[in-house]
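Residue numbers (my numbering): 399 to 466.
Glycine included, each C-beta is placed from N, C-alpha and C at the ideal position.
Data first, discussion second: the structure below is written as structure tokens.
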Amino acid sequence: MDTSIDTSQMPSVPVMSRKKFAEIVGVTEDTVTGWINRGYLPVVEIGKYRLVNLALLNKHALDQEFSL
Numbered sequence: 399m400d401t402s403i404d405t406s407q408m409p410s411v412p413v414m415s416r417k418k419f420a421e422i423v424g425v426t427e428d429t430v431t432g433w434i435n436r437g438y439l440p441v442v443e444i445g446k447y448r449l450v451n452l453a454l455l456n457k458h459a460l461d462q463e464f465s466l
């Protein structure tokens, strides 16, 4: 299974809709909603919308320690 993400599709904005995030990652929108509800993905609430917080997700990924 290819786990790479084509970063050329990633926008330069710090937030993204669940639908667009699901398309880019290759999962269903329901899966992304589940990840958000479980706290796996950071979100920003703007009015009635919950957008994936790409800036915070990127920061968390960069802060992770990787070991081989």
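1. Taking Cβ positions, are residue 441 and residue 451 nearer each other than 8 angstroms?
2. Using the beta-carbon count (16 or more within 10 Å), is residue 449 buried or exposed?
3. The beta strand (DSSP E) that contains residue 449, what's its start and end?
4. Identify every residue that forms a DSSP beta bridge with residue 413.
5. Out of 428, 459, 425 and 447, which one is the CA nearest neighbour of residue 413?
Reading off the structure:
1. At the C-beta level, residue 441 and residue 451 come within 8 angstroms of one another.
2. The residue is buried, with at least 16 neighbouring Cβ atoms inside 10 Å.
3. Annotation for residue 449: the continuous beta strand (DSSP E) segment containing it runs 447-451.
4. 451.
5. Of 428, 459, 425 and 447, the residue nearest in Cα terms is 447.
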